[in-house]
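Remarks on the structure that follows.
Number of protein chains: 2
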Amino acid sequence: MSEHGCELRFRALFYGLLRIRRKGRKTMARVLIIGCGGVATVGIVKCTQHPEVFEEICIASRTLSKCDALKERLQPTTKTKITTCKIDAGNLEEVVALMKSYKPDMLIHMGMPYHNLVLMEACLRCKVHYLDTAAYEPEDVNEPEFRKYYDNRCKEKGFYAYFDYPFQWAYRKKFEEAGIVGVLGCGFDPGVTQAYVAYAKKHEFDTIDTLDILDCNGGDHGYKFATNFNPEINLREVSSPGAYWEDHKWHRVEPMSIHRTYDFDGVGVKDMYLLHHEEIESLGLNYPEIKRIRFFMTFGQSYLDHMRCLEDVGMLSPKAINYNGVEIVPIQFLKALLPDPATLGPRTHGRTNIGCIFTGKKDGKEKKYYIYNVSDHQEAYKETGAQAISYTTGVPAMCGAMMVLTGKWNTPGVHNVEEFNPDPFIDALNKYGLPTRESYDPVLVD
Amino acid sequence: MSEHGCELRFRALFYGLLRIRRKGRKTMARVLIIGCGGVATVGIVKCTQHPEVFEEICIASRTLSKCDALKERLQPTTKTKITTCKIDAGNLEEVVALMKSYKPDMLIHMGMPYHNLVLMEACLRCKVHYLDTAAYEPEDVNEPEFRKYYDNRCKEKGFYAYFDYPFQWAYRKKFEEAGIVGVLGCGFDPGVTQAYVAYAKKHEFDTIDTLDILDCNGGDHGYKFATNFNPEINLREVSSPGAYWEDHKWHRVEPMSIHRTYDFDGVGVKDMYLLHHEEIESLGLNYPEIKRIRFFMTFGQSYLDHMRCLEDVGMLSPKAINYNGVEIVPIQFLKALLPDPATLGPRTHGRTNIGCIFTGKKDGKEKKYYIYNVSDHQEAYKETGAQAISYTTGVPAMCGAMMVLTGKWNTPGVHNVEEFNPDPFIDALNKYGLPTRESYDPVLVD
Chain A
82 MSEHGCELRF RALFYGLLRI RRKGRKTMAR VLIIGCGGVA TVGIVKCTQH PEVFEEICIA
142 SRTLSKCDAL KERLQPTTKT KITTCKIDAG NLEEVVALMK SYKPDMLIHM GMPYHNLVLM
202 EACLRCKVHY LDTAAYEPED VNEPEFRKYY DNRCKEKGFY AYFDYPFQWA YRKKFEEAGI
262 VGVLGCGFDP GVTQAYVAYA KKHEFDTIDT LDILDCNGGD HGYKFATNFN PEINLREVSS
322 PGAYWEDHKW HRVEPMSIHR TYDFDGVGVK DMYLLHHEEI ESLGLNYPEI KRIRFFMTFG
382 QSYLDHMRCL EDVGMLSPKA INYNGVEIVP IQFLKALLPD PATLGPRTHG RTNIGCIFTG
442 KKDGKEKKYY IYNVSDHQEA YKETGAQAIS YTTGVPAMCG AMMVLTGKWN TPGVHNVEEF
502 NPDPFIDALN KYGLPTRESY DPVLVD
Chain B
82 MSEHGCELRF RALFYGLLRI RRKGRKTMAR VLIIGCGGVA TVGIVKCTQH PEVFEEICIA
142 SRTLSKCDAL KERLQPTTKT KITTCKIDAG NLEEVVALMK SYKPDMLIHM GMPYHNLVLM
202 EACLRCKVHY LDTAAYEPED VNEPEFRKYY DNRCKEKGFY AYFDYPFQWA YRKKFEEAGI
262 VGVLGCGFDP GVTQAYVAYA KKHEFDTIDT LDILDCNGGD HGYKFATNFN PEINLREVSS
322 PGAYWEDHKW HRVEPMSIHR TYDFDGVGVK DMYLLHHEEI ESLGLNYPEI KRIRFFMTFG
382 QSYLDHMRCL EDVGMLSPKA INYNGVEIVP IQFLKALLPD PATLGPRTHG RTNIGCIFTG
442 KKDGKEKKYY IYNVSDHQEA YKETGAQAIS YTTGVPAMCG AMMVLTGKWN TPGVHNVEEF
502 NPDPFIDALN KYGLPTRESY DPVLVD
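Protein sequence lines correspond, in order, to chains A and B. Note that my numbering has the first sequence beginning at 82, numbered continuously upward. Note that my numbering has the second sequence beginning at 82, numbered continuously upward.
Structure (structure tokens):
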């Protein structure tokens, strides 16, 4: 951040004065956005479509040139005042310094989840609202202290993801006392899926008995094999044990051992597999009436075959080998061979379909209900320059921030999305790119 | 070869004298063996089991230490006098110098087929019998002059392998005039399979109508993926167009597009695929009566899946990419990750089954006939230190050399195996490790 030291000190004065001018207005806000990848790009594009709320945004990421390029592209299209800043989001002092100078009303974190805790701490110190899109996990999952915690948690709770919520829930009381709102996991899943549960409970059911969350990506990028993001994260997904919630406890299953097919509206028939997913953790606590919560994600057979074959020959290994005197990490070398995920956007066709299928009771009668969204990769790309996987995460982040900034979600503390009023959020989603579809007679998953 | 210069000159004198002493004997011979890999190891072990024919052998390869280690292991077990020599088999002058000093009666070439032409030329100059186990192909198949020849031959003849016989057949008249015997392709396939054809024609049929050559490797090395030899050669096999011979011409088929299953004696049911194979070229010429000749090789679905997935991501590419400033060839890096083929021997279990299925007529009646061998990987390994894939190639090479050295195959010129009397050869195979099995009611391949 050294090249921005002077600029920051100047900004501190400038924005301090500006802030005095803005105090009287209610819904116009200054927002610090962390990240400039696919999801952040969508979130930022969407913010700039609503300058009546997002009056000023600062795009801050490790790579200033990406922030500047996005600013250059968007500034001519919007009244939102865009600034940029280089930041190491893992460096607390650096983030606090930026926040003290920029004085945002809210921080939207659309970077890596490794930085959630640093950014929450910075928000607490500066009394700034906070929103992220994925649960905290450490950058180094082999760090001994984390490992000890992790092994213990796996044993005690029975699920095997590296992410979980207690690290962030630990900030509940502090945020409450500071009078700031922290929104956890406000992408699509986690995020919209939890709003769907709150919505279903509020409008459709007296009691919910079962919930299946279905995440389908029916996109085709035309490559025989490519990954939408870091292949290391992809590998974790398919090689970690799955888990579901039933009778108030976790049930562990072997990786990819529960397979179903489902005919998705707008996509067609796809293979899907039971995975652990983070929103089950909070939904299980917030809705103890739900007897069973499962999460399914689609994976094509070809994708799985490639992952398995690459793993078999050691190409997914994160451990360096000595090759002709050079240390080479196989999975890093593989990344260099694969198409850059950033280039998939323009060539990805097809749709995503993500939603929740419920069974339960209303007025004493058994009832089924399915609420979901269908998004088109090419439409998302044309609008934002990123395909639907980023789109379905970035739009809810903007809508969630809008809820906080307009006072619709204003309970101080740290909350998962299902704890807020779902109605204005789903209204916003309907209006701003992720319209809701419903079915009262869905095919249930076995 | 510099370190052997002096020794060679001394040898020239020594063996010259010895040769005079040996002139009166008929079947005791001195043999120069090129190669010291798996196949050569088997061939050499087998030669040393017959010191009554192989009185002296010189093991010559690029890596002298391998030759010396084999000599050290075998010398205490045999009366055959073993010497060793470092040689570049692609260097004509070097080979001629060695032959002039060692004065072999025969050269057995069990090294790379790139060197066939150099070694035949050396044999011609020194009037030494010649035998190899695979048809010539150039080391650099992209060399422009070869490429021109190759493209033209593909078009004219209709098969797409890099190997073919005309380069070696060009020596026919020269070998004949020199009074030496050249035996081409005397492994199992090519080699024994052609002897099976000659045998079937001699003893079982008046006319042969169809021939299917079936090559089954039912071995399991316990790895999820490993290759028995260079993965680049494996790749060529599965990615080259196939071809079969019917009505006196080649019929090209897409790679791996003709798939059958067959229940192999001693192995079980296996998937097999139609490939081009070199013995079809000579059999088609030598047996114009045969209406259709096909070759099938077994490949497990898992093996094919791995090859395909690795190809899809670019891991089989022979072209270097720049990775963090270092030039890395993906297929070479893959080789470094995979188990060393040399380590597969002790852990490979199961059997091979290779043979020929005929239909035709005898005494005016329709007839079927199947002649084949079943070899066990572990038995081969225990006897020779190499598994059955090497064993089934090395044993026929020894038996073929024995035929030449004992005068049973003595027609001067360059010949494929089917041109010789099959009876003593098959007798030798039966006695020395590759016993023949027969069936008069085989299941035919569609």
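No residue lacks a Cβ here, since even glycine has one placed at the ideal position from N, Cα and C.
For L200(B), same chain residues with a beta-carbon under 8 Å away, outside a window of 5 residues either side, are I115, A170, V176, L188, H190, Y211 and D213 in chain order. Not a single C-beta of chain B is nearer than 8 Å to the C-beta of M483(A). Boundaries of the alpha helix (DSSP H) around D232(B): P225 to K238.
A Cβ-Cβ contact shorter than 8 Å links P399(B) with V410(B).
With respect to Y243(B), E218(B) sits close: the two C-beta atoms are nearer than 8 Å.
For L525(B), the number of other beta carbons within 10 angstroms of its own is below 16, and it is reported as exposed.
If you draw a straight line from the Cα of T158(B) to the Cα of S456(B), it is about 24 Å long. In the three-state reduction of the DSSP assignment, Y521(B) falls in the coil class. As a beta-bridge residue in DSSP terms, R111(A) pairs with E137(A). Under the three-state reduction of DSSP, E370(A) is assigned to coil, being neither helix nor strand.
The region 389 to 399 of chain A makes no contact with the region 351 to 363 of chain A: fewer than 3 CB pairs, one atom from each, lie closer than 8 Å. Within the region 310 to 321 of chain A, no residue has a Cβ lying closer than 9 Å to any Cβ of chain B. Counting only runs that start and end inside the region 376 to 462 of chain A, the alpha helix (DSSP H) elements of at least 4 residues fall at 382 to 393 and 411 to 418.
For D504(B), the enclosing alpha helix (DSSP H) stretches over residues P503 to K512. Taking a C-beta cut-off of 7 Å against chain B, none of the residues of the region 439 to 453 of chain A qualify. Using a Cβ-Cβ cut-off of 9 Å, A401(A) is close to nothing in chain B; its nearest Cβ partner there is about 12 Å away.
If you draw a straight line from the Cα of K448(A) to the Cα of I371(A), it comes to about 14 Å. The alpha-carbon separation between V120(B) and C480(B) amounts to approximately 13 Å.
Spanning the alpha carbons of G475(B) and G124(B) requires a straight line of approximately 4 Å.
Residue pairing from DSSP leaves G116(B) without any beta-bridge partner. Within 10 angstroms of the beta-carbon of N405(B) lie fewer than 16 other beta-carbons, which makes it exposed. In the structure shown, the three-state DSSP call for W250(B) is helix. Residue burial annotation: G488(B) is exposed, with fewer than 16 other C-beta atoms found within 10 angstroms of its C-beta.
Here the C-alpha atom of Y195(B) lies approximately 28 Å from the C-alpha atom of C437(B). Excluding residues up to 5 positions away in sequence, L355 lie with their Cβ nearer than 6 Å to the Cβ of I339(A) in the same chain. Using a Cβ-Cβ cut-off of 7 Å, Y404(B) is close to F414 and A417 of chain A, given in chain order. 8 Å or more divides the Cβ of L151(B) from the Cβ of I168(B).
Taking 8 Å as the cut-off, the Cβ atoms of P493(B) and E220(B) do not count as close. Residues of the region 372 to 395 of chain B whose Cβ lies closer than 7 Å to any Cβ of chain A, in chain order: D386, H387, C390, L391, D393, V394 and G395. Under a 10 Å Cβ-count criterion, D186(A) is classified as buried, with 16 or more other Cβ atoms of the shown protein chains found around its own Cβ.
With respect to L295(A), I435(A) sits close: the two C-beta atoms are nearer than 8 Å.
C166(B) has A141(B) as its beta-bridge partners, per DSSP. A Cβ-Cβ distance of about 6 Å is found for the pair Y521(A) and Y450(A), placing them in contact under the 8 Å criterion. Against chain A, the CB of V410(B) has no partner CB under 8 Å away; the residue lies outside that interface. Under the three-state reduction of DSSP, D527(A) is assigned to coil, being neither helix nor strand.
N197(B) sits buried, since 16 or more C-beta atoms from the chains shown fall within 10 Å of its C-beta.
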